[in-house]
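Below is one structure, written out as structure tokens; the observations come after it.
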Amino acid sequence: MRRPLALIAMFIGALVLVLAPPAAAATPTAAFSKTSAWDGGYQGAYVITNSGSTTLSGWTVEFDLPSGTTVGSYWDALLTHSGSHYTFKNREYNGSLAPGATTSFGWVSSGTGTPTNCTLNGASCAGGSHGGDTTPPSVPSGVTVGSATGSSLTVRWSASTDDSGTVAGYEVSRDGGAPVAVTGTSYTATGLQASTSYSFRVRAKDAAGNTSAYSTAVGGTTSSGGGSQPGGGVRTAPYVDMGAWPTPSMPEMASASGIKSYTMAFVTASGCKAMWFNAYDPRDGWAKDQIDAIRAGGGDVKVSFGGATGIELAQACGSADALFTEYNAVVTAYDLKYVDFDIEGAATADPASVTRRSQALARLQQAHPELRVSLTLPVLPEGLTTDGLNVVKSARDAGVDLDVVNVMAMDYYRSVDYGDAAVQAAQSTFTQLKSLYPSRTDAQVWAMVGVTPMLGQNDDGHLYDQADARQLVAFAQGKHLGELAFWESTRDRNACTGALYMCTNIPQAPYEFAKIFAAYTG
């Protein structure tokens, strides 16, 4: 009897192997979350995860929104829509996803309705089998709260791990409230009360929907200031081309013009090494005597990285760690309180370098909590370009506490009044920033806006004159902008006719523009 039973058991086992269907292959997923919300709208995002075993060569996410909810601005995807049906396709830089890799796109919604009937490449956004995954990710560790302003705190943590190899995202809860979904390893809580303590907990989530336990609550306290830019900051800081010859003297310019603070241009990359216009090593303290003299006179300096002609370090360094090392060396060498990043040309559309920069700047502010960071970006009268908005969004999502978004109000290559256009560009940028920072007050968002025109003749031949400068100062004073600057101080000093790198090519007295801008007090 034992032998026949064994044979029957073997037969049944073989039959099960033959008849059992193969395990369903894991497929890509797209997970929706609200990353922030306010009365009448929210900011939404989809995180796309390639849970399969082969590279995903492109993606299309489609969904419906209910009546009364529409998509406004968006990023990291191409959008088309028909009625309430929206179709987002990958950009040229985020369509290829290796197994286990993730990417995301987002948008601002008018209305509170959330997506339904979501498909990813024609299949359900929930994907296929996850192999029965019921194991949650590890609990986020190393949670810290810092970068305090009068209205914001930044939470940072170390990445969790998951048995699938991929953590889809995180959720941050403030004071035990409803969690906010985050795709990176930092989150900036805005719209907070000054001199107030808050606590935060973080948990991780994988593509199968498994959620870890919350981390231990960690507290932080906002500063006594009334906004994202406390009092005492630099309000007027025109650019000085420190690579001009002979080397400009900021103390002499300050004495003659009434300007107290300057933006020093530019630190660029020599390989993955910070250099002043590829000539001097900041670690050696080049021009520190000038910085000391400016500070002794009651002003301060910003050091600007990048520019139109040099290579910004984020494009040259292969990792955020290496990039942080270079930024940190410059900040330490000059004991900087302000840094500026002039991102233009191809650099604005280079997503890898944009991400590296944002990650490195978040670490830089962790190492130097009082450091104020500004981004200087191209602008049109209608506002920042899509690429420029992506630079701001990347910094925000990485946890960078941006002091100022400074727009280069110049070179529009169109027949408009350049004075009016500078004011319109500031207004348009305010509207864009308001959608990216919806919990901030109008005053706080205006304090994030900076404007930098090009004096006199622009590269496109159009003119920005003294009346335009007075118009901008009056507008800035009424709105209390974060900063005014101009390009460039040597041109203003020379007051000449000739090559644009050294002359404004309009009738003016030496330092005439500087004396107009010096009247701005914030």
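In case it helps, mature numbering (1 follows the signal peptide of the UniProt record, and there is no 0) puts the sequence shown at residues -25 to -1, 1 to 497.
The beta-carbon is built from N, C-alpha and C at its ideal position, and this holds for glycine as well.
Source: prediction; values computed, not measured.
Cβ atoms of N381 and G425 come within 8 Å of each other, at about 3 Å. Between I269 and A192, the alpha-carbon positions lie close to 43 Å from each other. Residue environment for P111: buried (at least 16 other C-beta atoms within 10 angstroms of its C-beta). The DSSP-derived three-state label of L430 is coil. Around the CB of K263, fewer than 16 other CB atoms lie within 10 Å, so the residue is classed as exposed. With contacts defined as CB atoms closer than 8 Å, S232 and K277 fail to qualify as a contacting pair. In the structure shown, the three-state DSSP call for M228 is helix. For Q483, the CB contacts under 6 Å within the same chain, skipping 5 residues up- and downstream, are A470 in chain order.
By the 16-neighbour rule on beta-carbons within 10 angstroms, R389 is exposed.
The beta carbons of S161 and R178 sit no closer together than 8 Å. Nearest in C-alpha terms to K368, of all of F299, P356, S187 and Q334, is Q334. At a Cβ-Cβ threshold of 8 Å, E487 and Y214 do not count as neighbours.
Residues of the same chain with a CB within less than 8 Å of the CB of T62, apart from the 5 flanking positions on each side, are T35, V36, E37, L54, T55 and H56 in chain order. Between the stretch 398 to 416 and the stretch 445 to 462, the count of Cβ pairs shorter than 8 Å is three or higher; the stretches touch.
Fewer than three beta-carbon pairs drawn from the stretch 63 to 78 and the stretch 423 to 440 are found closer than 8 Å, and the two stretches are therefore not classed as touching. Nearest Cα to H437 within the set A397, A418, R468 and T416: A397. Within the model, the alpha-carbon separation for T222 versus Q265 is close to 11 Å.
With a minimum length of 3 residues, the unbroken runs of beta strand (DSSP E) contained wholly in the stretch 141 to 215 fall at 142 to 149, 155 to 157, 161 to 164, 172 to 181 and 193 to 196. Distance from the CA atom of F316 to the CA atom of L355, rounded to whole angstroms, is 19 Å. When the Cα atoms are used, A249 and G394 turn out to be separated by approximately 35 Å.
The Cβ atoms of L359 and L352 lie closer than 8 Å to each other.
Burial check for T307: the Cβ neighbour count within 10 Å stays below 16, so the residue is exposed.
Short of 8 Å from the beta carbon of K312, and not among the five residues preceding or following it, lie these beta carbons of its own chain, in chain order: D275, E345, L346 and R347. Within a 10 Å sphere around the beta-carbon of G363 sit 16 or more other beta-carbons, which makes this residue buried.
With a beta-carbon spacing of about 6 Å, V329 and V366 fall inside the 8 Å limit used to define contacts. Residue pairing for T24: DSSP places it in a beta bridge opposite T4 and T77. Burial state of E458 is buried, judged by a 10 Å Cβ sphere holding 16 or more other Cβ atoms. Y68 counts as exposed, since fewer than 16 other C-beta atoms from the protein chains shown sit within 10 angstroms of its C-beta.
Under the 10 Å beta carbon count, Q168 is surrounded by fewer than 16 other beta carbons and is classified as exposed.
T129 is positioned such that its CB atom lies closer than 8 Å to that of D376. Nearest to A98 by C-alpha distance, out of A183, P3 and T24, is P3. In this structure, the beta-carbon distance from F252 to G285 falls below 8 Å. Here G218 has F252 as same chain residues with Cβ atoms under 6 Å from its own Cβ, once five neighbours each way along the sequence are excluded. If you compare the alpha carbons of N25, R258 and T91 with that of G33, the shortest gap goes to N25.
The beta carbon of A101 lies closer than 7 Å to those of T4 in the same chain, with the five residues before and after it left out. Judged by DSSP secondary structure, P353 falls within the beta strand (DSSP E) whose first and last residues are R347 to L355.
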